[in-house]
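Enquirer:
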Amino acid sequence: MMTEVNRKIHVVGINSYIFKDLPAKLQDLFINTGNIAVPNSYLEEIKSWSGNGLEKKKSFFSSSSNNELLNWLRSQKTDVILISRGDPLWFGIGRILLENFSKDELSFYPSNTCIQLAFSKLKIPWQDTVNVSIHGRDSIRLVEALKARPSNLAIITDSTKKSLEIIKKNLSELNLIDFYDFWLCEEIGFKNENIRKLNIKEALPSDISSLNIVVLSKTKKNYLNNNLPLFGTSDHIFKTFDDRPNLFTKKEVRVQILADLELPKNGVIWDIGAGCGSIGLEALKLRPNLELFCIDKRLGSKALILENSKRLGVKPKFIFEEDINKTLNSRNLNSFKKPNRLVIGGCNKKTKLQIINTLAQGMNIGDIIVIPIIDIQTIKELKEELEEKNFKTNLNLIQTYKSLSISDGLRLEPNNPVFLLKGKK
């Protein structure tokens, strides 16, 4: 049987140290409450509220958000106020309180979160923002969030510069330095508020407040192909599907596919299941005289390939936004040049077999087919089909790891393993 609760713990979120910025209801609550817990970092500011004609003498408890605070709260027989920043139930003290006190004892009065205030100052919509905290936590969730490449990412940092350095390192390690604008937001909502856009290729400023957050917002910059490397284009250069940002062939696998294709100076390359076009377009960048035929059934794939063509400074011969089965069954294939190089990705085993059956017989001695595979059960049949069509085959497993910085050092992050089945006629 639950004991009746006779007192309340009022958890009040603030965005200002000015008493009159509180709503009238909370001003009255403060005036009429004697025992008040305040984080020690701004205890003196809240103590100054005692000069507002208070009816009750105040007893302030300097809080470090630890077991001493919980014990102090348990010891109180009358209503108390616990001052917090922003929304106590958003990466705040609220979760700990709910684990240690009944819901009947607790009342929450949230203010705007620091993230909400930051986005209002930056004038950026934030309904789709991903929020991550590395305040007193490791940065593994930050890495996971960055790999998904959201349009906006808000990061609650630790009070030291170390967490800012980790964010910088992670952006560099994931080749995202040019993908995001880096906004450092200090003391948001308070007197010394400061918002600045940092160049994260440079050293951090020396005058950073310990009360800061970071907002990463996808940059609007134009990509100039004259700054790209000859080979091994960084993943962030390619525009991808907004809802599936990782649905493309990563650089580590892409460079091996391009090597396996043994790209000739002249000829025709078909990229089936092209996605955003990363393989075929980089092949065209390496061998500008090739004729590239891209096909992908996903809605919007043609627009993506065209955009990425501009970024790499190349021009495909054909782009079809349709199912390859329609291409093979409904179009007059005699009007297209047969492929000298063929990449088959993104479709099921049955479709891959049909592609080989339809296209392989028209390929010449020395022509090559490369098939990236993640389902090992399909390998045997595809390999046998290629060999039946007089292709010499070999199989290669690509498994790569990236070093990523976390709060206590480095860890190796695995990329998904991919089998590359190559057939050379």
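Numbering-wise (the numbering used here), the sequence shown opens with residue -16 and increments by one. For each residue, glycine too, the CB sits at the ideal point set by N, CA and C.
Just mark residue -16 as buried or exposed, buried being the case when its beta carbon has 16 or more other beta carbons within 10 Å.
Expert: On the sequence shown, position 1 is the one that residue -16 refers to. At residue -16 the pLDDT is 38, less than 50, meaning the model places this residue with poor confidence and gives no usable figure here.
Enquirer: Let me know the beta strand (DSSP E) ranges lying completely inside the segment 103 to 141, each 3 residues or longer, listed in chain order.
Expert: As far as the segment 103 to 141 is concerned, its whole beta strand (DSSP E) runs of at least 3 residues are 113 to 116 and 135 to 139.
Enquirer: Just to confirm the assignment, what range does the alpha helix (DSSP H) spanning residue 289 have?
Expert: Sequence index remark: in the sequence shown, residue 289 carries index 306 (1-based). Segment 284 to 295, the alpha helix (DSSP H) holding residue 289.
Enquirer: From residue 333 to residue 71, what distance separates their C-alpha atoms?
Expert: Locating residue 333 in the sequence shown gives position 350, where the first residue counts as 1. Locating residue 71 in the sequence shown gives position 88, where the first residue counts as 1. Approximately 54 Å between the Cα atoms of the pair.
Enquirer: Which residue marks the beginning of the beta strand (DSSP E) containing residue 18, and which one marks its end?
Expert: Start at 1 with the first residue of the sequence shown, and residue 18 comes out as number 35. Segment 18 to 22, the beta strand (DSSP E) holding residue 18.
Enquirer: Verify whether the separation of the beta carbon atoms of residue 166 and residue 197 is less than 8 Å.
Expert: Mapped onto the sequence shown, residue 166 falls at position 183. Mapped onto the sequence shown, residue 197 falls at position 214. Result yes, Cβ atoms of residue 166 and residue 197 sit closer than 8 Å.
Enquirer: Is residue 415 helix, strand or coil when you go by DSSP?
Expert: With the chain covering -16 to 408 only, the question about residue 415 has no answer from this structure.
Enquirer: Around the C-beta of residue 101, are 16 or more other C-beta atoms found within 10 angstroms, so that it is buried, or is it exposed?
Expert: Here residue 101 refers to the residue found at position 118 of the sequence shown. Answer is buried; the Cβ neighbour count reaches 16.
Enquirer: Please name the residue in -2, 383, 145 and 363 whose C-alpha comes closest to that of residue 174.
Expert: Position 191 of the sequence shown holds residue 174. Among -2, 383, 145 and 363, the Cα nearest to that of residue 174 belongs to -2.
Enquirer: What residue does the beta strand (DSSP E) around residue 301 start on, and which one ends it?
Expert: Here residue 301 is taken as the residue at index 318 of the sequence shown, counted from 1. Residues 301 to 303.
Enquirer: What residue range is occupied by the uninterrupted alpha helix (DSSP H) comprising residue 26?
Expert: Locating residue 26 in the sequence shown gives position 43, counting from the first residue. Taken as a continuous stretch (DSSP letters only), the alpha helix (DSSP H) holding residue 26 covers 26 to 30.
Enquirer: Using a Cβ distance threshold of 8 Å, determine whether the segment 357 to 376 contacts the segment 329 to 343, with at least three qualifying pairs required.
Expert: Judged by Cβ distances under 8 Å, the segment 357 to 376 makes contact with the segment 329 to 343, as three or more pairs qualify.
Enquirer: Per DSSP, what are the beta-bridge partners of residue 392 in this structure?
Expert: Sequence index remark: in the sequence shown, residue 392 carries index 409 (1-based). Beta-bridge pairing links residue 392 to 389.
Enquirer: What runs of the beta strand (DSSP E), each 3 residues or longer, lie entirely inside the segment 143 to 213?
Expert: Fully enclosed beta strand (DSSP E) runs of 3 or longer: 163 to 169, 177 to 181 and 195 to 201.
Enquirer: Between which two residues does the alpha helix (DSSP H) holding residue 13 run?
Expert: In the sequence shown, counting from the first residue as 1, residue 13 sits at position 30. Looking at the DSSP string, the run of the alpha helix (DSSP H) that includes residue 13 is 7 to 14.
Enquirer: Going by C-alpha to C-alpha distance, which of 172, 218, 193 and 148 sits closest to residue 184?
Expert: As a first step, residue 184 must be located in the sequence shown, where it is residue number 201. Minimum Cα distance to residue 184 is reached at 148.
Enquirer: In whole angstroms, what separates the C-alpha of residue 176 from that of residue 290?
Expert: Translated into positions along the sequence shown, residue 176 becomes position 193. Translated into positions along the sequence shown, residue 290 becomes position 307. C-alpha separation (whole angstroms): 39 Å.
Enquirer: Kindly indicate the opening and closing residues of the beta strand (DSSP E) around residue 67.
Expert: As a position in the sequence shown, residue 67 is number 84, starting the count at 1. It spans 63 to 68 - the beta strand (DSSP E) in which residue 67 sits, taken as one unbroken run.
Enquirer: Hey, quick one: how far does the alpha helix (DSSP H) through residue 262 stretch, first residue to last?
Expert: Against the sequence shown, residue 262 aligns to sequence position 279. Note, residue 262: alpha helix (DSSP H), 261 to 269.
Enquirer: Would you call the segment 267 to 279 and the segment 344 to 359 touching, i.e. three or more CB-CB distances under 8 Å?
Expert: No contact exists between the segment 267 to 279 and the segment 344 to 359.
Enquirer: Indicate whether residue 157 and residue 129 have their beta-carbon atoms separated by less than 8 Å.
Expert: Taking the sequence shown and counting its residues from 1, the one referred to as residue 157 is at position 174. Taking the sequence shown and counting its residues from 1, the one referred to as residue 129 is at position 146. Their beta carbons are under 8 Å apart, which means residue 157 touches residue 129 by this criterion.
Enquirer: Would you tell me roughly how many angstroms separate the C-alpha atoms of residue 377 and residue 405, rounded to the nearest one?
Expert: Here the question's residue 377 lines up with position 394 in the sequence shown. Here the question's residue 405 lines up with position 422 in the sequence shown. Using only the alpha carbons, I get a separation of about 5 Å.
Enquirer: Since residue 397 sits in a beta bridge, which residues does DSSP pair it with?
Expert: For the purposes of this step, residue 397 is taken as the residue at position 414 of the sequence shown. Answer is 384, bridged to residue 397.
Enquirer: Applying the criterion that 16 or more other CB atoms from any shown protein chain within 10 Å of the CB defines a buried residue, is residue 163 buried or exposed?
Expert: Here residue 163 is taken as the residue at index 180 of the sequence shown, counted from 1. Result: buried.
Enquirer: For the alpha helix (DSSP H) that residue 313 lies in, which residues bound it at each end?
Expert: Taking the first residue of the sequence shown as position 1, residue 313 is located at position 330. Run containing residue 313: 307 to 313, per the alpha helix (DSSP H) assignment.
Enquirer: On the three-pair Cβ rule with 8 Å, is the segment 313 to 328 touching the segment 245 to 264?
Expert: Contact between the segment 313 to 328 and the segment 245 to 264 is present, because at least three Cβ pairs lie under 8 Å.
Enquirer: Measuring only the C-alpha atoms, how far is residue 192 from residue 43?
Expert: Your numbering for residue 192 matches position 209 in the sequence shown. Your numbering for residue 43 matches position 60 in the sequence shown. C-alpha separation (whole angstroms): 26 Å.
Enquirer: On the three-state DSSP scale, how would you describe residue 324?
Expert: Looking up residue 324 in the sequence shown gives position 341. The answer is strand: DSSP assigns residue 324 an E or B state.
Enquirer: Please report the distance separating the alpha-carbon of residue 80 from that of residue 284.
Expert: To locate residue 80, count along the sequence shown from 1; it is residue 97. To locate residue 284, count along the sequence shown from 1; it is residue 301. Near 49 Å, if we compare the C-alpha coordinates of residue 284 and residue 80.
Enquirer: Determine the DSSP secondary structure at residue -14, reduced to helix, strand or coil.
Expert: Residue mapping note: residue -14 aligns to position 3 of the sequence shown, counting from 1. In this prediction, residue -14 has a pLDDT of 49, which is less than 50 and means its spatial position is unreliable; what the coordinates show is noted afterwards. Here residue -14 sits in coil by DSSP.
Enquirer: Could you compute how far the alpha carbon of residue 182 sits from the alpha carbon of residue 195?
Expert: Your numbering for residue 182 matches position 199 in the sequence shown. Your numbering for residue 195 matches position 212 in the sequence shown. In a straight line, the C-alpha of residue 182 is about 17 Å away from that of residue 195.
Enquirer: Please report how far the alpha carbon of residue 63 lies from the alpha carbon of residue 119, in whole angstroms.
Expert: As a working note, residue 63 is residue 80 in the sequence shown. As a working note, residue 119 is residue 136 in the sequence shown. Each residue's alpha carbon lies about 27 Å from the other.
Enquirer: In angstroms, rounded to a whole number, what distance separates the CA positions of residue 77 and residue -6?
Expert: One-based indexing of the sequence shown puts residue 77 at position 94. One-based indexing of the sequence shown puts residue -6 at position 11. Spanning the two alpha carbons is a distance of roughly 8 Å.
Enquirer: Does the distance from the C-beta atom of residue 201 to that of residue 218 stay below 8 Å?
Expert: Sequence index remark: in the sequence shown, residue 201 carries index 218 (1-based). Sequence index remark: in the sequence shown, residue 218 carries index 235 (1-based). No, the pair does not count as a contact, with Cβ atoms beyond the cut-off.
Enquirer: So, helix, strand or coil for residue 45, using DSSP?
Expert: As a first step, residue 45 is located in the sequence shown; it is residue number 62 there, counting from the start. Strand at residue 45.
Enquirer: Classify residue 360 as buried or exposed, calling it buried when 16 or more other Cβ atoms lie within 10 Å of its own Cβ.
Expert: Locating residue 360 in the sequence shown gives position 377, where the first residue counts as 1. Under this definition residue 360 is an exposed residue.
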